[in-house]
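Enquirer:
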Amino acid sequence: MATESSYYVPEQSRLPIFATIGIFLMAFGAATWINGGSSYIFFAGSLAMATVLWFWFAAVIKENMQGLNSDQLKRSYVWGMGWFIFSEVMFFAAFFGALYYIRTFTLPWLGGEGDRGSSNMLWEGFQNTWPLMVTPEQAVSGDAAKVVGPKGIIDPWHLPLINTVLLLASSVTVHIAHVYLKKGNRKGFNGWLTATVALGGAFLFFQIEEYLEAYQHLGLTLESGIYGTTFFMLTGFHGAHVTLGTIMLLIMLLRSVIANHFKPDDHFGFEAATWYWHFVDVVWVGLFIFVYVLGA
Amino acid sequence: MAHGPKPGFTRWLYTTNHKDIGSMYLWFSFAMFLLGGCMALVIRAELFQPGLQIVQPGFFNQMTTMHGLIMVFGAVMPAFVGLANWMVPMMIGAPDMALPRMNNWSFWILPFAFAMLVSTLFMEGGAPDFGWTFYAPLSTEYAPPSVTFFIFAVHIMGASSIMGAINIVATILNMRAPGMTLMKMPLFVWTWLITAYLLIAVMPVLAGVVTMMLMDIHFGTSFFSAAGGGDPVLFQHVFWFFGHPEVYIMILPAFGIVSAIIPTFARKPLFGYSSMVYATASIAFLSFIVWAHHMFTVGMPIAGELFFMYATMLIAVPTGVKVFNWVTTMFRGSMTFETPMLFSIAFVILFTIGGFSGLMLAIAPADFQYHDTYFVVAHFHYVLVPGAIFSITAGVYYWLPKWTGNMYNESMGKVHFWLAFVGLNVTFFPMHFVGLAGMPRRIPDYALQFADFNQIASVGAFLFGAAQILFLFNVIRTVRGGKKATDEVWENPEGLEWSVPSPAPYHTFSTPPVVR
Numbered sequence: 199m200a201t202e203s204s205y206y207v208p209e210q211s212r213l214p215i216f217a218t219i220g221i222f223l224m225a226f227g228a229a230t231w232i233n234g235g236s237s238y239i240f241f242a243g244s245l246a247m248a249t250v251l252w253f254w255f256a257a258v259i260k261e262n263m264q265g266l267n268s269d270q271l272k273r274s275y276v277w278g279m280g281w282f283i284f285s286e287v288m289f290f291a292a293f294f295g296a297l298y299y300i301r302t303f304t305l306p307w308l309g310g311e312g313d314r315g316s317s318n319m320l321w322e323g324f325q326n327t328w329p330l331m332v333t334p335e336q337a338v339s340g341d342a343a344k345v346v347g348p349k350g351i352i353d354p355w356h357l358p359l360i361n362t363v364l365l366l367a368s369s370v371t372v373h374i375a376h377v378y379l380k381k382g383n384r385k386g387f388n389g390w391l392t393a394t395v396a397l398g399g400a401f402l403f404f405q406i407e408e409y410l411e412a413y414q415h416l417g418l419t420l421e422s423g424i425y426g427t428t429f430f431m432l433t434g435f436h437g438a439h440v441t442l443g444t445i446m447l448l449i450m451l452l453r454s455v456i457a458n459h460f461k462p463d464d465h466f467g468f469e470a471a472t473w474y475w476h477f478v479d480v481v482w483v484g485l486f487i488f489v490y491v492l493g494a
Numbered sequence: 049m050a051h052g053p054k055p056g057f058t059r060w061l062y063t064t065n066h067k068d069i070g071s072m073y074l075w076f077s078f079a080m081f082l083l084g085g086c087m088a089l090v091i092r093a094e095l096f097q098p099g100l101q102i103v104q105p106g107f108f109n110q111m112t113t114m115h116g117l118i119m120v121f122g123a124v125m126p127a128f129v130g131l132a133n134w135m136v137p138m139m140i141g142a143p144d145m146a147l148p149r150m151n152n153w154s155f156w157i158l159p160f161a162f163a164m165l166v167s168t169l170f171m172e173g174g175a176p177d178f179g180w181t182f183y184a185p186l187s188t189e190y191a192p193p194s195v196t197f198f199i200f201a202v203h204i205m206g207a208s209s210i211m212g213a214i215n216i217v218a219t220i221l222n223m224r225a226p227g228m229t230l231m232k233m234p235l236f237v238w239t240w241l242i243t244a245y246l247l248i249a250v251m252p253v254l255a256g257v258v259t260m261m262l263m264d265i266h267f268g269t270s271f272f273s274a275a276g277g278g279d280p281v282l283f284q285h286v287f288w289f290f291g292h293p294e295v296y297i298m299i300l301p302a303f304g305i306v307s308a309i310i311p312t313f314a315r316k317p318l319f320g321y322s323s324m325v326y327a328t329a330s331i332a333f334l335s336f337i338v339w340a341h342h343m344f345t346v347g348m349p350i351a352g353e354l355f356f357m358y359a360t361m362l363i364a365v366p367t368g369v370k371v372f373n374w375v376t377t378m379f380r381g382s383m384t385f386e387t388p389m390l391f392s393i394a395f396v397i398l399f400t401i402g403g404f405s406g407l408m409l410a411i412a413p414a415d416f417q418y419h420d421t422y423f424v425v426a427h428f429h430y431v432l433v434p435g436a437i438f439s440i441t442a443g444v445y446y447w448l449p450k451w452t453g454n455m456y457n458e459s460m461g462k463v464h465f466w467l468a469f470v471g472l473n474v475t476f477f478p479m480h481f482v483g484l485a486g487m488p489r490r491i492p493d494y495a496l497q498f499a500d501f502n503q504i505a506s507v508g509a510f511l512f513g514a515a516q517i518l519f520l521f522n523v524i525r526t527v528r529g530g531k532k533a534t535d536e537v538w539e540n541p542e543g544l545e546w547s548v549p550s551p552a553p554y555h556t557f558s559t560p561p562v563v564r
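In the order they appear, the protein sequences are chains A and B.
In terms of the working numbering, the first sequence is residues 199 to 494.
In terms of the working numbering, the second sequence is residues 49 to 564.
See below:
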C-alpha cells in the first residue's frame, strides 16, 4: 500500500544501456571463446559489467544517503532481492531435479529394472550403482570406452564435513554481525563480519582442495560420467555462488570500515547480502545431504 | 522530476519512463513479429507444393526453429511486457514501475540478445536447426557450432525476463494507490502478477537446461548421454518443466486483456471477477504439474502417463470458468463491435477451439496418434495466434487512443480484423485435417495426398501476413495524428487509466489517486 506521496523515480540514466553492452559482450564473448575464438571480448565485457555495477550501486547508495528513498521505495528493493533469490532457488532446483531423475529413473532403467528396463538391451552388462563407478559405455566397451567412471569419490565425513561446519558457522557469525549493527556497535559489526568473510574464504579454500583431490587422485572429473557431472555441476555452481556471496560481504565490510556506511535502522544493502549468504548456506546443506552423504 | 521527455534519440537509450519503455517493447515485439512471420511465410511457401521448391531441408529446419524462438521469446513475451509497462502503473495508480532503471536494462538486453540469435543464420553451419524445443541430442551432439551463441542468447534474454518479472511483482505488490486492494485490481494486473511469478519460477530452469547442454557439448558432461549414465529424456523433462508454464506465460496476460475489453463493449461489469482471479491462480498452479503431456510417446511408466493425462484435463475446469464468465458478461449486454471487441470475441471463440484440441491431445492413448503431426501445430497455433496475438492486437487498438491521444481508423481496423480472422482460419484449420491424416510436422516435403490442404493453408498464411501491414499502417497513422480521442475514449470504461487525459501525460499519478 502506498503510504507516502512521493516515490523517487530517477531521471534518465546511462547505466542500463552500458550494462546492456557489458552483458552482451560477456555473452557473445563467452560463446566466441568456447567455440575456439579469442577470449578478449569476454574479458572486456566482464570489465565493462563490473564497472557499470560499481557505478550503479554507487548511484543507489548516494540516492539513499541524500534521503531520496522513501520507505516505500526501499520496500521495492526488498521485494526485488527476495524474488531474485527465489529465482536462484529454481536454478538449483533444475540441477537437483536432474540428480533425482537420474538416480530414481534413468539408472535403474539402464540397469534393467522397472518399466523401461528393456533399455538395458542397449547396454548389456550395465549395473545400476550409485555412485556410478562403471558407466554404461564402459560396461559395453570396456577399456575402449571414452566416458570412464571415477576410481573413487569424495568422503563426505572429511572435507565436506569441515565445510559444512564452516558454512553453518558463517551463517551464525553474519547474524551476530547483523545484531551488532542493529545495536549500533560498529566494532562488533566489523569484527563478526570479518569473521564471516574469513569463513567464506576458508570454505572456498577447502572446496578447491577437494576438487584437486578429485581431479588428481580419484579420477573424478566432469567427464567421468553422470556422477562426476552432477557432482561438479551442483557443487561448482554452489561454489560460484559462495564466491559471489563472499565478494558481496567483503564489499559490505569495506563499505563499513572505509566509508562508515550503514545505520542501525537503514542497512538493506548489507541485509540483502546476508539473505544471499543464508541462501547459499541452505543450498550447501542440501548438497551435503543429497550429493555427499546420500551419494556415498 | 522533469515534466516531459528529453529531446533527441538518447531519450530512448537512457529513459527510465515506463511509457517510453513500454513503447519500445511494443515496437521491438512488432519488428520480431514481422521477422518471425517472414520465416513462417518461407515455410508456407515451401509447403505450397509437395517436393522441394524453394529452400533446402537444412534451411527449412532453421526456419522452423527460428520462427518458433522468435515468436515465443521475441514477439509474444515482449509484447505482453510492453503492455504491462504501459498499463500496470496507470491501472494501479503508481507513478512508474518500481525499479525504473532496471526496467530499461530489461528492455535493452532484448535487441542485443536477438541480434545475437539472428546472427547465427550467417554463421558457419547455419542457425540452430533442432526445433524451438531444442531436444537433445539433436541440440547437443548433432547441433551446428552456432548452438553456443543460441545458448548464451537464451541466457541473457532469460535474465531480461527475470528482471522484468521481478519489477512487475515489486510494482504490483508495493505501489498500488491507497484503497487499491488486491481484489480491486483490474484483471490485467492480476494476470500479470501471476504470470510474473511463473516467469521467476521457470526462466531459471530454462537457464539450467541450456547450461546442461553447454556442458554436454563443450565440457564432456553426460547429462543427456546414456553412454555416461545420463538420459536424453532428462532434457525433455527439464525443458518442459520450463516449457509448460511458459505457454501460460503467453496466455494469462491475454486473459487479462480480454477481461478488460469485453465488459467495456458489452457495457456490463465483468461477470464473476473473483472466480476469474481464482481460475487464473489455479491454471498457474496446474501448469507446474502437467509438463510430461508433451512427451507421452517418449516412454514413461503408465502411472506417469495417467497422472499427466488427468492433471492436464483438470486445466479445462478453470479455463471453462473463464470462457463461461466472458460469455456471461456479453449475455444481454448492449454490445457494440469496435475493432478491439471483434478481436476479443474472436479470441473467446477461437481460443476455445484451441483449448478443445488441447483436450484431445491430453488423452494419452489418443496422443500416440496425434503426436508430432500437424494436428499439434494446428492446436498450438490456435491458442497462440487468436489467443496471444489477437489479444495483444485487441489491447493495442483498445489503449492506442489513450497512448497517442488520437483515434485509430475504425474501418481500417475492422478490415484488418476480418482479413486476419479469415487468414488465420484458412491457414490453421486445414492443419487439423492433414495432422489427423498423419502428416508429420517439421518436414519440407510431404506425401501427395496432403497437397490440397497445404495449398489452402499457404494461401491463408500470406493473407494473414498481408493483413498485418494494414495494422502497422493504421498504428503509424494514429501515432502521427487523426481524430482526437476523449479522455474516456470509450463509453464509460472501467479503470484508472481512463481518468487521466488522452494522450496520457509523460508522468501520471506522481501523487497517488485515492481508490474508493
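Ideal Cβ placement from N, Cα and C applies to all residues, glycine included.
By the 10 Å Cβ neighbour count, where 16 or more other Cβ atoms means buried, how is F81(B) classified, buried or exposed?
Expert: For the purposes of this step, residue 81(B) is taken as the residue at position 33 of the second sequence. Buried, since its Cβ has 16 or more Cβ neighbours within 10 Å.
Enquirer: Against chain A, with Cβ distances strictly below 8 Å, would N133(B) count as a contact?
Expert: Walking along the second sequence from the start, residue 133(B) turns up at place 85. Nearest CB-CB separation between N133(B) and chain A: not below the 8 Å threshold.
Enquirer: Pair every Cβ in the region 497 to 514 of chain B with every Cβ in the region 447 to 466 of chain B, then say whether three or more of these pairs are closer than 8 Å.
Expert: Under the Cβ criterion (8 Å, minimum of three pairs), the region 497 to 514 of chain B does not count as touching the region 447 to 466 of chain B.
Enquirer: For D279(B), name the three-state secondary structure that DSSP assigns.
Expert: Position 231 of the second sequence, counting from 1, holds the residue named residue 279(B). It is coil, neither helix nor strand.
Enquirer: With DSSP as the reference, label K461(A) as helix, strand or coil.
Expert: Mapped onto the first sequence, residue 461(A) falls at position 263. In the structure shown, K461(A) sits in a strand (DSSP, three-state: E or B).
Enquirer: Between M260(B) and chain A, is the shortest Cβ-Cβ distance under 8 Å, so that the two count as touching?
Expert: For the purposes of this step, residue 260(B) is taken as residue 212 along the second sequence, with counting starting at 1. Yes, its Cβ sits closer than 8 Å to a Cβ of chain A.
Enquirer: Identify each residue in the region 223 to 239 of chain A for which the Cβ-Cβ distance to at least one residue of chain B is less than 7 Å, and report them in chain order.
Expert: Those would be A225, F226, A228, A229, I232 and N233, in chain order.
Enquirer: For the structure I just gave you, are there three or more beta carbon pairs, one from the region 53 to 65 of chain B and one from the region 202 to 212 of chain A, closer than 8 Å?
Expert: yes
Enquirer: Sort F429(A), A292(A), V332(A) and V455(A) by Cα distance to G386(A) and report the nearest one.
Expert: Here residue 386(A) refers to the residue found at position 188 when the first sequence is read from its first residue. Answer by Cα proximity: V455(A).
Enquirer: Would you call W355(A) buried or exposed, if buried means 16 or more other Cβ atoms sit within 10 Å of its Cβ?
Expert: As a first step, residue 355(A) is located in the first sequence; it is residue number 157 there, counting from the start. Its Cβ having fewer than 16 others within 10 Å, W355(A) is exposed.
Enquirer: Since A314(B) is in the alpha helix (DSSP H), which residue starts that stretch and which ends it?
Expert: The count along the second sequence starts at 1 and reaches residue 314(B) at position 266. Residues L300 to A314.
Enquirer: Only counting the same chain, and skipping five residues up and downstream in sequence, which positions put a Cβ closer than 6 Å to that of L365(A)?
Expert: Position 167 of the first sequence, counting from 1, holds the residue named residue 365(A). Answer for L365(A): F401, D479 and W482, listed in chain order.
Enquirer: Only counting the same chain, and skipping five residues up and downstream in sequence, which positions put a Cβ closer than 6 Å to that of P148(B)?
Expert: As a working mapping, residue 148(B) is identified with position 100 in the second sequence. Taken in chain order, the residues that qualify are T64.
Enquirer: Note down, in chain order, every chain A residue with its Cβ under 7 Å from the Cβ of A146(B).
Expert: Residue mapping note: residue 146(B) aligns to position 98 of the second sequence, counting from 1. What A146(B) touches in chain A: S274.
Enquirer: Indicate, with yes or no, if the ligand MN has a heavy atom lying under 7 Å from the CB of A393(A).
Expert: The ligand MN is not among the ligands present in this structure, which contains no ligands whatsoever.
Enquirer: In whole angstroms, what is the alpha-carbon distance linking R564(B) and V276(A)?
Expert: The count along the second sequence starts at 1 and reaches residue 564(B) at position 516. The count along the first sequence starts at 1 and reaches residue 276(A) at position 78. Whole-angstrom Cα-Cα distance: 28 Å.
Enquirer: What runs of the alpha helix (DSSP H), each 4 residues or longer, lie entirely inside the region 331 to 372 of chain A?
Expert: 334 to 339
Enquirer: Looking only at its own chain, which residues have a Cβ that is under 6 Å from the Cβ of L305(A), when we skip the five neighbours before and after it?
Expert: Sequence index remark: in the first sequence, residue 305(A) carries index 107 (1-based). Closer than 6 Å at the Cβ level, and outside the excluded window around L305(A), lie N326.
Enquirer: For the region 329 to 355 of chain B, enumerate the residues whose C-beta is nearer than 9 Å to any C-beta of chain A, in chain order.
Expert: G347, M348, P349, I350, A351 and G352
Enquirer: Is I157(B) close to chain A, meaning its C-beta is less than 8 Å from at least one C-beta of that chain?
Expert: One-based indexing of the second sequence puts residue 157(B) at position 109. Yes - at least one Cβ of chain A is within 8 Å of the one on I157(B).
Enquirer: Mapping DSSP to helix, strand and coil, what is N457(B)?
Expert: Locating residue 457(B) in the second sequence gives position 409, counting from the first residue. In the three-state DSSP reduction, N457(B) falls in the coil class, being neither helix nor strand.
Enquirer: Is DSSP giving K450(B) helix, strand or coil here?
Expert: Locating residue 450(B) in the second sequence gives position 402, counting from the first residue. DSSP places K450(B) in helix when its eight states are reduced to three.
Enquirer: Any idea if V433(B) is buried or exposed, counting beta-carbon neighbours within 10 angstroms, 16 or more meaning buried?
Expert: The sequence position of residue 433(B) within the second sequence is 385, counting from 1. The residue in question, V433(B), is buried, as its Cβ has 16 or more Cβ neighbours within 10 Å.
Enquirer: Please list the segments of the alpha helix (DSSP H) lying wholly inside the region 212 to 249 of chain A, counting only runs of 4 or more residues, in order along the chain.
Expert: 213 to 232
Enquirer: Any C-beta of chain B within less than 7 Å: which residues of the region 323 to 349 of chain A qualify?
Expert: L330, T333, P334, E335 and V345
Enquirer: Can you tell me whether DSSP reads K532(B) as helix, strand or coil?
Expert: Working through the second sequence from its first residue, we reach residue 532(B) at position 484. For K532(B), the three-state secondary structure derived from DSSP is strand.
Enquirer: Check the C-beta distance from H464(B) over to A514(B) and give it rounded, since I have them as a contact under 8 Å.
Expert: Indexing the second sequence from 1 puts residue 464(B) at position 416. Indexing the second sequence from 1 puts residue 514(B) at position 466. About 10 Å; that fails the 8 Å criterion.
Enquirer: Along chain B, in chain order, which residues have C-beta atoms closer than 8 Å to that of L496(A)?
Expert: Within the shown structure, residues of chain A are numbered from 199 to 494, placing residue 496(A) beyond reach of any answer.
Enquirer: Give the residues of chain B in contact with T433(A), contact being defined as C-beta atoms less than 7 Å apart.
Expert: If you number the first sequence from 1, residue 433(A) lands on position 235. In chain order: nothing, as chain B lies at least about 13 Å away.
Enquirer: Which same chain residues, not among the five before or five after E353(B), have their C-beta less than 7 Å away from its C-beta?
Expert: As a first step, residue 353(B) is located in the second sequence; it is residue number 305 there, counting from the start. By the criterion of a C-beta distance shorter than 7 Å, E353(B) is surrounded in its chain by F344 and A412, once the five residues flanking it on both sides are discounted.
Enquirer: Using a cut-off of 8 Å between C-beta atoms, extract the partners of T270(A) located in chain B.
Expert: Reading the first sequence from its first residue, position 72 is the one you call residue 270(A). Here the sequence assigns Gln to residue 270(A), which means Thr is not the residue at that position. Those are N222 and M223, listed as they occur along chain B.
Enquirer: So, does the region 474 to 488 of chain B touch the region 534 to 542 of chain B, judging by three or more C-beta pairs under 8 Å?
Expert: no
Enquirer: Classify H439(A): buried if its beta carbon has 16 or more other beta carbons within 10 angstroms, exposed otherwise.
Expert: As a working mapping, residue 439(A) is identified with position 241 in the first sequence. So H439(A) ends up on the buried side.
Enquirer: What are the start and end residues of the alpha helix (DSSP H) that includes Q110(B)?
Expert: In the second sequence, residue 110(B) corresponds to position 62, counting from 1. Start and end: P105 to L117.
Enquirer: Shorter than 8 Å from the beta carbon of I210(B) to some beta carbon of chain A?
Expert: Looking up residue 210(B) in the second sequence gives position 162. Closer than 8 Å: yes.
Enquirer: Compare the C-beta of P541(B) against all C-beta atoms of chain A and say whether one is closer than 8 Å.
Expert: Indexing the second sequence from 1 puts residue 541(B) at position 493. No, no contact with chain A.
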